[in-house]
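Shown next, in structure tokens, is the structure this report addresses.
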Amino acid sequence: MSQTSLPLILEPAELEHHLHDSNLLIVDLCNPRLYARVHVPGAVNIAPNTLWQVHRRLRVSCHL
């Protein structure tokens with residue numbers, strides 16, 4: 074199986090061509106209530122503030 078290198082941000086029309094790729098991870102950064110109502114099938118939701126908190130913790134731990 075060949076892997077295609079995709080950009081981190083895709084337009085919907087381009088994403089549609091890859092929705093069945095088993096190695097594709099779609100991260101939805103909208104708020105959890107909107108995600109619960111509608112999202113791209115197979116997407117996982119990470120609230121932006123959660124992502125920011127993890128980023129800050131990783132940065133701090135790397136500097137210790």
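To get this note's numbering, take the position in the sequence shown, counting from 1, and add 73. Virtual Cβ for every residue (Gly too), placed ideally from N, Cα, C. The model shown is predicted, which means the values in this text are computed figures rather than measured ones.
Beta-carbon separation (whole angstroms), residue i vs residue j, contact threshold 8 angstroms
| i | j | result |
| --- | --- | --- |
| N104 | A116 | 14 angstroms between Cβ atoms; not a contact. |
| H91 | L79 | 7 angstroms |
| N118 | Y108 | 4 angstroms |
Continuous alpha helix (DSSP H) stretch holding residue i: start and end
| i | result |
| --- | --- |
| L88 | P85 to E89 |
| L107 | P105 to R110 |
Three-state secondary structure assigned by DSSP to residue i
| i | result |
| --- | --- |
| N122 | helix |
| V117 | strand |
| S78 | coil |
7 angstroms Cβ cutoff met for residue i and residue j
| i | j | result |
| --- | --- | --- |
| V113 | I99 | yes |
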